[in-house]
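To keep things clear, I will list the structure first and then write my remarks on it.
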Amino acid sequence: MHLYSTISKRKEPLVPDAEGTVGIYVCGPTVYGRIHIGNARPFVVFSVLKRFLERRGVRVRLVSNLTDVNDKIYTAAAAEGVPSAELARRYSDAYIADTDRLGLGRPDVEPRVTESVPGIIALIEELMQRGLAYAAGGDVYYRVERFPGYGRLSGRRLEDMVSGEPATGAAKESHLDFALWKGRKPDEDTWWESPWGPGRPGWHIECSAMAEEALGRGFQVHGGGIDLIFPHHENEIAQSEGAHGGCMAQIWMHNEMLELGDEKMSKSLGNIAPLADVLDRWPAEVVIAYFLTSHYRSKLPFSDERLGEARAVVERLTNALKAIDRAMATGGEGHDADLTRAIVDGRREFFRALDDDFGTPEAFAALFEMVRGINRATTAGEASPAQLREARHELLDLLDVLGLAGIDPGPAAEVPAEVLSLLDDRERARAARDFAGADALRDRIRALGYEVTDGPGGPQATPIAPEAGSA
RNA sequence: GGCGACGUGGCGAAGUGGCUAACGCGGCGGUCUGCAAAACCGUUAUUCAUGGGUUCGACUCCCAUCGUCGCCUCCA
Numbered sequence: 436m437h438l439y440s441t442i443s444k445r446k447e448p449l450v451p452d453a454e455g456t457v458g459i460y461v462c463g464p465t466v467y468g469r470i471h472i473g474n475a476r477p478f479v480v481f482s483v484l485k486r487f488l489e490r491r492g493v494r495v496r497l498v499s500n501l502t503d504v505n506d507k508i509y510t511a512a513a514a515e516g517v518p519s520a521e522l523a524r525r526y527s528d529a530y531i532a533d534t535d536r537l538g539l540g541r542p543d544v545e546p547r548v549t550e551s552v553p554g555i556i557a558l559i560e561e562l563m564q565r566g567l568a569y570a571a572g573g574d575v576y577y578r579v580e581r582f583p584g585y586g587r588l589s590g591r592r593l594e595d596m597v598s599g600e601p602a603t604g605a606a607k608e609s610h611l612d613f614a615l616w617k618g619r620k621p622d623e624d625t626w627w628e629s630p631w632g633p634g635r636p637g638w639h640i641e642c643s644a645m646a647e648e649a650l651g652r653g654f655q656v657h658g659g660g661i662d663l664i665f666p667h668h669e670n671e672i673a674q675s676e677g678a679h680g681g682c683m684a685q686i687w688m689h690n691e692m693l694e695l696g697d698e699k700m701s702k703s704l705g706n707i708a709p710l711a712d713v714l715d716r717w718p719a720e721v722v723i724a725y726f727l728t729s730h731y732r733s734k735l736p737f738s739d740e741r742l743g744e745a746r747a748v749v750e751r752l753t754n755a756l757k758a759i760d761r762a763m764a765t766g767g768e769g770h771d772a773d774l775t776r777a778i779v780d781g782r783r784e785f786f787r788a789l790d791d792d793f794g795t796p797e798a799f800a801a802l803f804e805m806v807r808g809i810n811r812a813t814t815a816g817e818a819s820p821a822q823l824r825e826a827r828h829e830l831l832d833l834l835d836v837l838g839l840a841g842i843d844p845g846p847a848a849e850v851p852a853e854v855l856s857l858l859d860d861r862e863r864a865r866a867a868r869d870f871a872g873a874d875a876l877r878d879r880i881r882a883l884g885y886e887v888t889d890g891p892g893g894p895q896a897t898p899i900a901p902e903a904g905s906a
């Protein structure tokens with residue numbers, strides 16, 4: 436498969452390492468609050484990318500960190516009057532719990548900064564030995580102008596960079612330099628001893644250290660939000676490649692931002708929708724479909740309208756599965772060549788789309804071609820139960836790649852006898868052409884939580900799905 | 001000011017040198033239905049922000065303009 440790489444601005448072939456493994460490192464959240472729907476985008480994109488690659492027979496090692504020590508964590512903890520370690524642990528747990536609800540599994544490794552300090556210190560020492568870092572007033576800084584490739588990822592030149600650093604950074608040799616280690620300030624209650632005195636890691640160094648520890652030097656894909664390109668990922672490259680040479684990652688893969696109204700959603704702007712709240716209102720599969728019906732490199736508006744469209748997508752897929760189940764019961768005895776063609780073509784196009792820079796919108800288009808073929812077949816009624824079962828299996832198989840297998844309604848749940856009885860009453864009313872009575876009975880059944888639909892095989896009562904917003 | 005991304009039908013979203021510009025939602029017409037839902041069939045952009053240029057040929061390449069967004073301030 437090919438993936439677009441920010442550093443080359445081209446689609447690059449994804450080449451596994453000598454053991455046939457693809458290592459992926461994705462920058463995870465800083466845990467000073469509940470994560471928002473925007474944070475969920477890389478989680479979904481990279482989790483599903485992993486599923487896809489594994490389906491392709493590639494072994495994947497997905498690593499996504501938690502940044503659990505940071506200025507914002509100190510600040511939030513101080514505001515609440517709790518120890519920063521406690522606050523970080525609480526929101527680390529919340530992050531795991533919130534993303535678990537998506538049902539996409541966990542990354543293979545989820546390292547935490549607080550558990551990676553020895554490796555971080557070792558990396559800083561290596562940089563100092565190479566003259567790329569220097570201690571100053573209890574801090575350690577990276578000497579940016581000593582690293583020739585600086586700016587390669589973000590396409591910046593050093594002379595173009597404006598000094599945004601406040602005057603407090605007076606200990607630095609250059610305003611471009613960034614902190615690798617920050618000396619402990621009196622009110623900072625999470626800290627470690629180091630060769631440079633007590634303190635804690637700077638923002639960027641932890642990812643260099645944790646990526647190396649989990650994936651080794653020179654892995655396949657480094658990912659994250661596009662807003663991390665500068666300075667975070669630029670600095671990671673400076674650190675990792677500065678310390679060891681070589682190439683930190685083959686491909687730099689960045690997802691675009693969510694938009695709320697006209698601006699991006701972000702914690703600093705305060706216009707956030709917590710993932711947990713979104714998942715209270717919409718099923719996980721709808722949220723996944725919401726992300727995946729758009730390309731990961733496109734800006735994605737966040738709104739109830741868009742979630743509603745994603746729900747329509749999911750319903751169309753679900754309805755096709757239901758249609759198959761009904762058709763298998765009534766069953767034809769022949770072979771529907773058009774159905775087979777739709778399945779084969781759909782499967783081919785599905786994988787072709789994902790092979791080309793993870794083209795999930797086109798993959799959905801392929802699914803819909805398959806769905807139309809299925810719906811045509813169930814309408815025509817020629818396909819045998821065996822052929823229909825195969826079609827169902829194929830569709831579900833592809834849905835599973837996208838993490839959407841959960842939309843399978845499965846075998847219909849037992850309908851309560853009371854509902855069945857009312858259904859019989861309604862049929863008698865309909866037979867007597869007492870439609871007012873029939874509709875009244877339908878209302879009573881609905882009050883019991885079941886929707887009545889009249890199909891070719893007679894009426895059916897199906898549980899009413901919970902509506903968005905009702906939770 | 002510097003760097004970067006993007007502007008495709010009512011909405012969303014693919015395509016990125018050459019067959020009829022995918023797919024979903026919505027609209028309209030039809031089939032089915034007591035009604036409804038689902039589904040199916042047909043229809044819904046002579047056109048891809050605008051203006052130039054390159055080319056036998058551009059939505060696709062180049063330039064300019066307008067517009068939107070992101071980064072340059074520890075936000076995915």
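For reference, each letter of the first sequence is one residue, going 436 to 906 in this note's numbering.
Note that CB positions come from ideal geometry on N, CA and C, so glycine has one too.
Note that this is a predicted model, so its numbers are computed, not measured.
Neighbourhood of residue i by C-beta distance below 7 Å, restricted to the same chain and skipping five residues each side
i, result
"Ala-602", "In this predicted model, Ala-602 has a pLDDT of only 42, less than 50, meaning its place in the structure is not dependable; the value taken from the coordinates is given anyway. So no residue of the chain qualifies."
"Gln-425", "It is not possible to answer for residue 425, since the shown part of the chain is limited to 436 through 906."
"Ala-644", "Ser-551, Gly-554, Ile-555, Leu-558"
"Asp-889", "none"
"Trp-687", "Ser-440, Thr-441, Ile-442, Leu-588, His-657, His-668"
"Gly-794", "His-730, Ala-788"
"Arg-868", "none"
"Glu-515", "Leu-522"
"Pro-796", "Thr-728, Ser-729, His-730"
"Pro-844", "Thr-753, Leu-756, Lys-757"
Nearest-angstrom beta carbon gap, residue j and residue i [assumed within contact, 8 Å]
i, j, result
"Gly-618", "Arg-652", "29 Å between Cβ atoms; not a contact."
"Arg-912", "Asp-612", "With the chain covering 436 to 906 only, the question about residue 912 has no answer from this structure."
"Gly-463", "Leu-501", "5 Å"
"His-471", "Ala-708", "6 Å"
"Ala-755", "Asn-810", "6 Å"
"Asp-684", "Phe-654", "Note on identity: in this sequence residue 684 is Ala, with Asp being the wrong assignment. Confirmed, about 6 Å."
"Pro-451", "Val-517", "Not quite, the Cβ-Cβ distance comes to about 44 Å (not below 8 Å), so this is no contact."
Beta-carbon contacts of residue i that lie in its chain and below 6 Å, excluding the five residues immediately before and after
i, result
"Thr-549", "Asp-503, Val-504"
"Val-854", "Ile-880, Leu-883, Tyr-885, Ala-896"
"Pro-543", "The question names Pro, yet the displayed sequence has Asp at residue 543. Counting only Cβ-Cβ distances below 6 Å, and skipping sequence neighbours, we find Arg-496, Leu-497."
"Gly-904", "Interpretation of Gly-904 is limited by its pLDDT of 39, a score under 50 that renders its predicted location unreliable; no figure is taken from the coordinates."
"Val-850", "Ala-896"
"Thr-534", "Phe-478"
"Thr-625", "Val-504, Ser-519, Ala-520"
"Pro-633", "Arg-619, Trp-626"
Spatial neighbours of residue i in its chain, beta-carbon cut-off 8 Å, leaving aside the 5 residues before and after
i, result
"Ser-819", "Gly-766, Gly-767, Glu-768, Gly-769, His-770"
"His-437", "Lys-446, Glu-447, Pro-448, Leu-449, Asp-790, Asp-791, Asp-792"
"Asn-690", "Arg-476, Pro-477, Val-480, Gly-658, Gly-659, Gly-660, Ile-661, Tyr-731, Arg-732"
"Asp-697", "Any answer about Asp-697 is weak, because its pLDDT of 49 lies below 50 and its placement is not dependable; what the coordinates show is given next. Answer for Asp-697: no residue qualifies."
"Met-563", "Tyr-569, Ala-570, Val-575"
Check whether residue i and residue j have beta carbons under 7 Å apart
i, j, result
"Ala-532", "Ile-508", "no"
"Gly-781", "Met-805", "yes"
"Ala-826", "Leu-774", "yes"
"Phe-737", "Leu-710", "no"
"Tyr-585", "Ala-673", "yes"
"Ala-520", "Tyr-467", "no"
"Gly-872", "Ala-866", "no"
"Val-495", "Val-457", "yes"
"Ile-555", "Glu-623", "no"
"Ala-840", "Leu-833", "no"
"Asp-574", "Ala-614", "yes"
"Ile-664", "Thr-753", "no"
"Val-483", "Leu-831", "no"
"Ala-758", "Thr-813", "yes"
"Gly-677", "Leu-567", "yes"
"Ala-606", "Ala-571", "yes"
"Trp-616", "Trp-638", "no"
"Val-887", "Pro-894", "yes"
- Message: With three or more beta-carbon pairs closer than 8 Å as the criterion, would you say the segment 713 to 728 touches the segment 533 to 545?
- Response: Output reads yes: the segment 533 to 545 touches the segment 713 to 728.
- Message: Is it the case that the segment 799 to 816 contacts the segment 747 to 756, given that we only count it when at least three CB pairs across the two stretches are under 8 Å?
- Response: Short answer: they touch.
- Could you tell me which uninterrupted beta strand (DSSP E) segments, each at least 3 residues in length, are contained entirely in the segment 556 to 617, listed from first to last along the chain? Those beta strand (DSSP E) runs which fall completely within the segment 556 to 617 and span 3+ residues are 568 to 571, 574 to 577.
- With a floor of 4 residues, list each alpha helix (DSSP H) that falls wholly inside the segment 634 to 668, ordered by position along the chain. Whole alpha helix (DSSP H) segments, 4+ residues: 640 to 650.
- In chain order, each alpha helix (DSSP H) run of at least 4 residues that lies wholly inside the segment 496 to 531: With a minimum length of 4 residues, the continuous alpha helix (DSSP H) runs that stay inside the segment 496 to 531 are 506 to 515.
- In chain order, each alpha helix (DSSP H) run of at least 4 residues that lies wholly inside the segment 712 to 770: When DSSP assignments are scanned along the segment 712 to 770, the uninterrupted stretches of alpha helix (DSSP H) that are 4 or more residues long and fall wholly within it turn out to be 719 to 727, 739 to 765.
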